[in-house]
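Participant:
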Ligand SMILES: *Cc1c(COP(=O)(O)O)cnc(C)c1O
């Protein structure tokens, strides 16, 4: 077994344990493998071990990997999620190549993505990013703006609003992690019942990474985004 296959199995085990501990249904949490900065060979190793959903933060790096894997004879075609900050001059590449985006935080970006999504592709699957710990990173809408932004996204023809995403400030205290994730779960549940929101497709709460996935799953995450736990530490040039 490759290192990546073994690490992937260990992460899946952590997820299963956390799901059981939270009395949630088996299979109710999806794993997104975050392959940013990692070579294509690592993506292929994870794919060979059954991983289907991959996340990328940098548009061009992601598009390169999407194109390189598109024609491979894989049992299941890979599903690519854009999870990085997005500037308006890069929306077209995301609209044309990715299946999902987790980082929509303003109406203007959503409108561009909808207009630029090729009509022959299924709608782009969208999570609205919420700046839940109010850190200076500036990514994500304010929690009190999330409902209005979701309502706006849900009217756009080439987008399907799937839920919310958050990247809380790093915190080593599991109780503090859970408090923040719990606030996200409350916002998610409130918006899900809002008129104009499709309850059936607004089903994704994207939160939890390598160091805090247990806390996120305890507070209702349906998708965790794991990089280091699967691919090892990242080296930035
Ligand atoms: C890098 C990244 C991750 C993965 O982080 P790890 O700590 O390596 O698991 C998850 N989500 C986003 C948005 C990221 O940028």
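Residue numbers (our numbering): 14 to 250.
Idealized CB from N, CA, C, for every residue including glycine.
Does the beta carbon of residue 223 fall short of 7 Å from some heavy atom of ligand 1?
Facilitator: Result yes, Cβ under 7 Å from ligand 1.
Participant: Residue 251 and residue 41 look like a contact to me (Cβ under 8 Å); what is the Cβ gap, rounded to whole Å?
Facilitator: Missing from the structure shown is residue 251; the chain here goes from 14 to 250 and no further.
Participant: For ligand 1, is there a heavy atom less than 7 Å away from the beta-carbon of residue 139?
Facilitator: It does not: the Cβ of residue 139 is nowhere closer than 7 Å to a heavy atom of ligand 1.
Participant: Please state whether DSSP places residue 75 in a helix, a strand or coil.
Facilitator: Residue state, collapsed to three classes: helix.
Participant: Does the beta-carbon of residue 27, which I'm using as the reference point, lie nearer than 7 Å to any heavy atom of ligand 1?
Facilitator: The answer is no for residue 27.
Participant: Which one of 164, 228, 216 has the shortest CA to CA distance from residue 195?
Facilitator: Minimum Cα distance to residue 195 is reached at 228.
Participant: When you compare the CB of residue 191 with every CB in chain D, is at least one pair closer than 8 Å?
Facilitator: Among the chains in the structure shown there is no chain D, since it carries only a single protein chain.
Participant: So is the beta-carbon of residue 32 under 7 Å away from any non-hydrogen atom of ligand 1?
Facilitator: Not under cutoff, so the answer is no.
Participant: For residue 171, which residues in the same chain have their Cβ closer than 7 Å to its Cβ, ignoring the five residues on either side in sequence?
Facilitator: Correct list, in chain order: 127, 130, 136, 137.
Participant: Inspect the CB distances between the region 239-248 and the region 199-208 and report whether three or more fall short of 8 Å.
Facilitator: Flag = no, the region 239-248 and the region 199-208 do not touch.
Participant: Measuring from the CB of residue 195, is there a heavy atom of ligand 1 at a distance below 7 Å?
Facilitator: Checking every heavy atom of ligand 1 against the Cβ of residue 195, none is found closer than 7 Å.
Participant: By a C-beta neighbour count over all protein chains shown, 10 Å radius and 16 as the cutoff for buried, is residue 94 buried or exposed?
Facilitator: Flag for residue 94 reads buried.
Participant: Can you name, in chain order, every residue of its own chain whose Cβ lies under 6 Å from the Cβ of residue 110, other than the five neighbours on each side?
Facilitator: So the list reads 76, 79, once near-sequence residues are dropped.
Participant: Would you kindly work out how many angstroms separate the C-alpha atoms of residue 98 and residue 74, rounded to a whole number?
Facilitator: The alpha-carbon atoms of residue 98 and residue 74 are separated by roughly 14 Å.
Participant: Per DSSP, which residues does residue 138 bridge with? Please list them.
Facilitator: The partner list for residue 138 (beta bridge, DSSP) reads 113, 173.
Participant: Could you tell me which of 167, 22, 27 sits nearest to residue 61, measuring between CA atoms?
Facilitator: Among 167, 22, 27, the Cα nearest to that of residue 61 is on 22.
Participant: Starting from the Cα of residue 211, find the closest Cα among 248, 165, 249, 231 and give me that residue.
Facilitator: Minimum Cα distance to residue 211 is reached at 165.
Participant: Just to confirm the assignment, what range does the beta strand (DSSP E) spanning residue 95 have?
Facilitator: Where residue 95 is concerned, the enclosing beta strand (DSSP E) stretches over 92-95.
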